[in-house]
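Numbering (the UniProt record's numbering), first residue to last: 1 to 179.
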């Protein structure tokens, strides 16, 4: 049975106590009242952590840039998380959950980012296709009833208004549509 690549466990050669705290993940999961304290702690603790480890300069640079990128993404996504699908949130958490200290972790981070991008694109395309298909279906329904009195510009406007009305997912009666 195939497993999701993000659910496969890999062996970790680093002792857990030697790994840094994942502050982007912590800030995403915790409430905003603690954000300032976490942010202050992250800067001092990462500086201390990087001084204590025997990483080469290139690894430190990669760690800091990945840390900054994930922090920025977390700050962008957190306010709109309730409007995202569960699958996008799962992929985003997989990305934040990567341990990006070593090369393997950064590769896993890139794979998780790729997967997140694919999911976002897929959902966008499905939504666009659904809107286009709805417009086509509505126009076919109008034509089948013999309503050919609308000019092309008016048809377009009517379809836009109907799609706009249907976007929130509420049920509508014919009376509401006619009004």
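A virtual CB, placed ideally from N, CA and C, is assigned to each residue, including glycine.
Just so you know, these numbers come straight off a predicted model, no measurement behind them.
> Among the residues of its own chain, which have a CB less than 7 Å from the CB of residue 98, if the five just before and after it don't count?
Replying inline: 105, 108, 109, 112
Subject >> contact_flag[the segment 132 to 141, the segment 53 to 60] where n(CB pairs < 8 Å) is 3 or more >> reply: no
Over what stretch of residues does the alpha helix (DSSP H) that includes residue 56 continue unbroken?
Run containing residue 56: none; DSSP gives neither H nor E here.
_Quick check on the burial criterion: 16 or more other C-beta atoms within 10 angstroms. Buried or exposed for residue 27?_
buried
*So what does DSSP say about residue 1, is it helix, strand or coil?*
Because the pLDDT at residue 1 is just 49, under 50, the model does not fix this residue reliably, and the value given afterwards should be weighed accordingly. Coil at residue 1, not helix or strand.
- Query: Do the CB positions of residue 96 and residue 24 come within less than 7 Å of each other?
  - Reply: yes
When the Cα of residue 115 is compared with those of 76, 102, 126, 87, which residue comes out closest? 87
- Task: Flag this pair as yes or no: are the beta carbons of residue 125 and residue 162 separated by less than 7 Å?
- Result: no
Exercise. Please report how far the alpha carbon of residue 90 lies from the alpha carbon of residue 71, in whole angstroms.
Key: 17 Å
- Keeping to the same chain, check which residues put their C-beta closer than 8 Å to that of residue 77; ignore five residues upstream and five downstream. 28, 84, 92
* Hey, how far is the Cα of residue 156 from the Cα of residue 144? -> 17 Å
*asked:* Here's the rule: buried if 16 or more other CB atoms are within 10 angstroms of the residue's CB, otherwise exposed. What is residue 101?
replied: buried
Discussion item. Could you tell me the alpha carbon to alpha carbon distance between residue 81 and residue 119, rounded to whole angstroms?
Written reply: 15 Å
Whole runs of the alpha helix (DSSP H) within the segment 70 to 127, excluding any shorter than 4 residues: 86 to 96
Q) Any idea if residue 1 is buried or exposed, counting beta-carbon neighbours within 10 angstroms, 16 or more meaning buried? A) A caution first: residue 1 carries a pLDDT of 49, below 50, which makes its placement in the model too unreliable to give a value.
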